[in-house]
Amino acid sequence: MPEMKDEAFEFLLARAGLNLTDEQKAELKTVFAGIAAMAERVRKPRGYMAEPALVYDFAEEDLA
Amino acid sequence: MSGTIPTIAEAARLIAAKRLSPVELTEACLERVHALDGQLHAFVHLTEERALADARAAEAAIMANGPKGPLHGIPIGLKDIVDTKGVPTTCQSKFLQDNIPDVDAACAEKLATAGTVLIGKTTTHEFADGGPSFDLPKPPARNPWNTEHFTAGSSSGTGAGVAAGLILGGIGTDTGGSIRGPAALCGIAGIKPTYGLVSRAGVAPAAYSLDHIGPMAWNAEDCALMLQALAGHDPRDPASASRPIPNYTAGLGGGVRGLRIGVVHHFHETDHKVSEGTQRGITAAITTFRDLGAEISEVQLSPLQDWLACGSLISITERAAAYEEWARTRLGDFSERLRSRLMLGAFVTGVDYVQAVRRRRELRAELQGAMRGLDVVLTATQPAEAAKIDSVPKWDLFAAPNFTMPFNVTGYPAISVCSGFGASGLPVAIQLVGKPFAEPTLLRVADAFEKATPFRDRRPPVVAA
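Those protein sequences? They're chains A and B, same order as listed.
The opening residue of the first sequence carries number 4 in our numbering; numbering runs sequentially from there.
The opening residue of the second sequence carries number 19 in our numbering; numbering runs sequentially from there.
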């Protein structure tokens, strides 16, 4: 699991435009590993042709 | 009848026969509201005068011309993220305490056109996310089966209100389980329709591509009656599907003989092991379906954790985008719970989001393949009976995967129905999942289950008291 360095953490918060208290920052740091684990879980060896499902409709084979 | 509280179908038959007045029905609901809502907090805003006026108008119209449909004169509630013309719509948030929309949301408009009587706006988690909060303008809803316990959310007020008979049906919204969760813990029925079937226009977003609008009611038949009024294409909703709308009640009573039901055992037995009471309900439900003539088989899908990761990354990002302006300028005005969810958006990169959406396509294809040769899939709705309201963890997102998110990720329709009661007397539920736009089959299966089991005969003790 990647470790969240203080500089990176502050950069991400600034990039998101979030102004947090020290207490909020401390709490948020404790759950970063959970997000990182989710991000790891959605990554699969799928090649560059695999398209996202940004827009989809239900095809006839869905309904059969 | 279920005690003294009729279902929508029962009330509709009595109204059509002129043996029940919409005014009497509305007054009975309002009496229960006055008696119980001080404990339940199912409503954030009552529309009592409007309800009585609408009920009187419905009564006059029905006496003159008969009912225009089964929802004419039926008391309902709308989750307070649903815009209502001239009626406050606060999203249970400090940001919108003075918000009075000029236009009804599509679902509110459709239910009004069908002749329903609006009792009030029902309690929600702030902007339909975060959990039970005690730092908002109104308190969280309480579970009518035991008011020390949680209703689940975010359609918490509609769940509590229907269970206690304050309303006969209502609108919920579902981004990761917010219709089915409260339906399960409050012992009622709630259906998340296929993505695109019910318009989202005029409903505050939680996460655009996961949001669904749907009915919550005492049983599947009532959900079918409400869905009939709600379904249909709406050009104001970019995800709205343009398809013919079937008759959702025509198949009810048709039983399940010959239907094929796949059980995702590993979801509730391995990936997130459910409580003894919930497992007992699932096992008994499988036996019931088999006894009714359904073919039962086992279904294998990716681990529940995969579905949660995919749905959560999408949900966190879309929510952070929707509420970014307020998060940047007035973060402290959100409840602690929603603020915490919004802060997570800082950690999800654009690439993470796209990887999640690529995973979404794979998971949808996986479910599509697994359901080939099946009519319905069965698993749990909730892991256990309702927890105490003060013990719901703030970071439950990371605690254990939920059973409902897979069908927001895929957009497949899913319904929760009561499957019994745990040792504490609180309800447990099963979740049934259908193929896209196959709500008639899904409702038929749910209805068959309810009619074969005794769980619709029991209301929360608080109602009898």
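Beta carbons are placed, not taken as given, at the ideal position from N, Cα and C, and that holds for glycine.
Note that the coordinates shown come from a computational prediction; the quantities given were computed from them, not determined experimentally.
| query | result |
| --- | --- |
| Cutoff 7 Å: Gly361 (chain B) Cβ touching any chain A Cβ | Gly is not the amino acid found at residue 361 (chain B); the sequence shown has Met there. Taking Cβ atoms only, chain A reaches closer than 7 Å to Met361 (chain B), which makes this a yes. |
| Proximal chain A residues relative to Asp324 (chain B), where beta-carbon distance stays under 9 Å | Arg44 and Val45 |
| Short Cβ contact (7 Å threshold) for Ala238 (chain B) with Glu468 (chain B) | yes |
| Delimiting residues of the alpha helix (DSSP H) encompassing Gln297 (chain B) | Glu294 to Asp309 |
| Chain-order list of residues whose beta-carbon lies under 6 Å from that of Asp252 (chain B) (same chain, five-residue window excluded) | Ala124, Ser217, Ala219 and Ser258 |
| Sub-7 Å separation of Ala126 (chain B) and Pro88 (chain B) beta-carbons | no |
| Buried versus exposed call for Ser260 (chain B) [16 or more other C-beta atoms within 10 Å across all chains shown] | exposed |
| Proximity of Asn426 (chain B) and Leu154 (chain B) at Cβ, strictly below 7 Å | no |
| For Glu10 (chain A), the three-state DSSP class (helix, strand or coil) | helix |
| N- and C-terminal bounds of the beta strand (DSSP E) containing Gln449 (chain B) | Pro445 to Gly452 |
| Run of the alpha helix (DSSP H) containing Cys47 (chain B), from where it starts to where it stops | Pro40 to Leu58 |
| Distance CB(Gly276 (chain B))-CB(Val395 (chain B)) smaller than 7 Å | no |
| Among B:Thr134, B:Gly194, B:Gln110 and B:His230, the one whose alpha carbon lies nearest that of Asp255 (chain B) | B:His230 |
| C-beta neighbour in chain B for Pro55 (chain A), strict 7 Å | yes |
| Nearest-angstrom Cα separation, counted from Glu313 (chain B) out to Glu42 (chain B) | 45 Å |
| Cβ-based neighbour list, Gly271 (chain B), same chain, cut-off 6 Å, excluding 5 preceding and 5 following | none |
| Cα-Cα separation between Asn22 (chain A) and Arg74 (chain B), rounded to whole angstroms | 52 Å |
| Neighbour flag for Met41 (chain A) against chain B, beta carbons, 7 Å | yes |
| Given Ala482 (chain B) as reference, the closest of B:Thr131, B:Gly149 and B:Trp163 once Cα atoms are compared | B:Trp163 |
| Lys412 (chain B) (DSSP reduced to helix, strand or coil) | coil |
| Whole-angstrom distance between Arg477 (chain B) and Ser20 (chain B), CA atom to CA atom | Bear in mind that a pLDDT of 43 at Ser20 (chain B), under 50, signals an unreliable position, so the number given afterwards is only what the model happens to contain. Between Ser20 (chain B) and Arg477 (chain B), the C-alpha separation is close to 7 Å. |
| Amino acids of chain B, ordered along the chain, whose beta-carbon sits closer than 9 Å to that of Gly50 (chain A) | Those within 9 Å of Gly50 (chain A) in chain B number zero; the least Cβ separation is about 10 Å. |
| Top-ranked residue by Cα proximity to Ile189 (chain B), from B:Gly95, B:Ala202 and B:Pro479 | B:Gly95 |
| Candidates B:Leu54, B:Ser39, B:Ala456 and B:Ala60, of which the one nearest Thr268 (chain B) by Cα | Just to set this straight, residue 268 (chain B) is Ala in the shown sequence, not Thr. Minimum Cα distance to Ala268 (chain B) is reached at B:Ala456. |
| Where Val372 (chain B) meets chain A, residues with beta-carbon distance less than 8 Å | Pro55 |
| Nonlocal neighbours in the same chain, by C-beta distance under 7 Å from Lys210 (chain B), ignoring five residues either side | Asp192, Ile197, Arg198, His230, Gly232, Phe425, Pro431 and Ala432 |
| Backbone CA spacing between Pro93 (chain B) and Arg346 (chain B) [nearest angstrom] | 40 Å |
| For Phe352 (chain B) and Asp116 (chain B), the rounded distance between their alpha carbons | 16 Å |
| Listed by chain order, chain B residues near Ala19 (chain A) by CB distance under 7 Å | Gly363 and Ala364 |
| Beta-carbon neighbours of Gln386 (chain B), restricted to chain A and to distances below 8 Å | Glu64 and Asp65 |
| Sufficient close CB pairs (3 or more, under 8 Å) joining the region 433-445 of chain B to the region 409-417 of chain B | no |
| Counterpart residues of Phe61 (chain B) in DSSP-defined beta bridges | B:Thr140 |
| Delimiting residues of the alpha helix (DSSP H) encompassing Arg278 (chain B) | Unbroken run through Arg278 (chain B) is the beta strand (DSSP E), Arg278 to Val281; no alpha helix (DSSP H). |
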